[in-house]
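Working notes for the structure below.
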Ligand code: TTP
Ligand code: MG
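In my numbering, the protein residues as written are 35 to 398.
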């Protein structure tokens with residue numbers, strides 16, 4: 035493969051920074067963006083926090099109550115999440131980034147890969163200069179800082195971007211990849227979560243250099259073919275996945291014809307659960323979270339019945355999918371007397387996974 039120059043741009047404490055820009059007076063104070071639950075005061079979790087708040091150990095996903103405790107002595111600001119506002123800012127940022135290359139891939143609301151190989155004639159150093167221009171333009175146009183990794187592939191660019199947050203810029207030349215990765219903790223590899231990290235530690239693997247001493251045969255034996263191979267390649271800084279715009283998927287569905295037309299709940303449920311597994315596999319592969327589940331039935335006279343449910347929060351969990359499909363099938367059978375000929379399940383209302391979160395879940 036020809037040497038490439040790939041950038042990963044990640045906006046710093048994105049939602050909190052949007053709030054700081056909207057209300058400059060709060061800059062310098064701890065800022066915590068909160069997802070309040072409907073259950074009343076202070077229930078809910080932290081969406082993100084600025085770096086001042088992070089110094090007090092406030093992180094995404096933490097209960098708001100705990101964040102308040104940690105910041106009780108501080109002049110902190112707690113702001114309810116304003117998703118539409120951040121989405122608008124995000125759209126402008128992505129538009130700006132798209133202007134730099136056709137090979138563009140948005141990975142989350144505040145993160146995107148740019149393959150700028152052609153533009154910089156394959157030189158990582160020129161890629162670094164371009165990255166500095168991008169940072170300056172983002173700051174000039176939106177008043178926001180970001181962190182950028184510049185490297186020969188997506189994996190190394192992603193790790194590089196996380197090394198000097200906030201407002202970081204880290205470039206890694208092809209010949210430096212090994213030395214760059216060697217001292218880093220294996221937890222820096224996207225997809226290595228706490229569980230895998232612990233397991234590796236038990237094997238005496240702490241750094242990426244430690245991991246790189248393993249043979250691919252050993253890693254596949256321990257972690258399975260797909261993941262073992264991924265870890266092996268990652269430890270050597272190898273990643274050939276192209277930067278590619280993802281086409282937006284609207285829905286994922288599977289449908290099957292029952293062996294006989296029937297109204298027998300257990301029989302239909304058996305098929306339906308298998309379909310749920312197939313849909314779930316596809317959703318995980320595509321890195322999607324769904325917020326809507328539907329069951330489709332084609333009855334004896336070939337007319338169609340559907341039932342669907344919008345969930346309280348997006349999910350990618352198989353048990354949630356199975357539970358709701360079961361319930362929707364029950365409803366369908368209750369509301370109708372016709373025998374069912376074909377049965378199907380679909381999920382829709384997708385949200386993008388925040389980062390590699392579901393890759394983590396997939397691997398763990
Ligand atoms: P991140 O890029 O992971 O976080 P960040 O931009 O806040 O901080 P960093 O400087 O480390 O990049 O996620 C982007 C936005 O997604 C973040 O601002 C808020 C939202 N988010 C959540 O709502 N919940 C979460 O658990 C995470 C990780 C992010
Ligand atoms: Mg970010």
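C-beta atoms are modelled at their ideal positions from N, C-alpha and C, and glycine is treated no differently.
Local conformation of residue i per DSSP, three classes
i           : result
residue 382 : strand
residue 221 : helix
residue 325 : strand
residue 393 : Any reading at residue 393 needs caution, since the residue's pLDDT is 44, under 50, leaving its predicted position unreliable; the model's value is listed next. Helix.
residue 216 : coil
residue 353 : helix
residue 348 : strand
residue 235 : helix
residue 182 : strand
residue 338 : strand
residue 313 : helix
residue 359 : helix
residue 115 : coil
residue 274 : coil
residue 156 : coil
residue 249 : coil
residue 307 : helix
residue 126 : helix
residue 107 : coil
residue 269 : helix
residue 147 : strand
residue 201 : coil
residue 139 : strand
C-beta contact flag for residue i and residue j at 7 Å
i           : j           : result
residue 42  : residue 165 : no
residue 215 : residue 242 : yes
residue 359 : residue 329 : yes
residue 256 : residue 222 : no
residue 49  : residue 147 : no
residue 354 : residue 286 : no
residue 139 : residue 319 : no
residue 289 : residue 374 : no
residue 113 : residue 53  : yes
residue 326 : residue 344 : yes
residue 366 : residue 331 : yes
residue 185 : residue 206 : yes
residue 273 : residue 162 : no
residue 309 : residue 379 : yes
residue 156 : residue 58  : no
residue 45  : residue 109 : no
Residue i versus the options, residue with shortest Cα-Cα distance
i           : options           : result
residue 371 : 92, 339, 156      : 339
residue 218 : 152, 332, 270     : 270
residue 199 : 130, 183, 152     : 183
residue 130 : 316, 282, 63, 174 : 174
residue 94  : 83, 100, 282, 103 : 83
residue 220 : 239, 212, 205     : 239
residue 123 : 352, 258, 55      : 55
residue 295 : 336, 273, 51      : 336
residue 304 : 210, 87, 356, 284 : 356
residue 85  : 63, 284, 209      : 63
residue 127 : 136, 168, 385     : 168
residue 230 : 96, 208, 261      : 261
residue 341 : 316, 134, 368     : 368
residue 40  : 244, 299, 191     : 191
Inter-residue spacing [alpha-carbon to alpha-carbon] between residue i and residue j
i           : j           : result
residue 60  : residue 67  : 12 Å
residue 79  : residue 91  : 14 Å
residue 76  : residue 142 : 27 Å
residue 306 : residue 377 : 7 Å
residue 117 : residue 69  : 10 Å
residue 266 : residue 246 : 7 Å
residue 47  : residue 105 : 17 Å
residue 314 : residue 323 : 10 Å
residue 263 : residue 253 : 7 Å
residue 346 : residue 362 : 16 Å
residue 391 : residue 225 : Annotation note: pLDDT 42 at residue 391 (below 50); position unreliable, coordinate value reported separately. Spanning the two alpha carbons is a distance of roughly 8 Å.
residue 383 : residue 99  : 30 Å
residue 321 : residue 170 : 31 Å
residue 250 : residue 275 : 19 Å
residue 16  : residue 197 : With the chain running from 35 to 398 in the structure shown, residue 16 is simply not present.
residue 107 : residue 87  : 12 Å
residue 180 : residue 201 : 5 Å
residue 208 : residue 159 : 11 Å
> Which full runs of the alpha helix (DSSP H) of 4+ residues lie inside the segment 70-98, going along the chain?
Replying inline: 85-88
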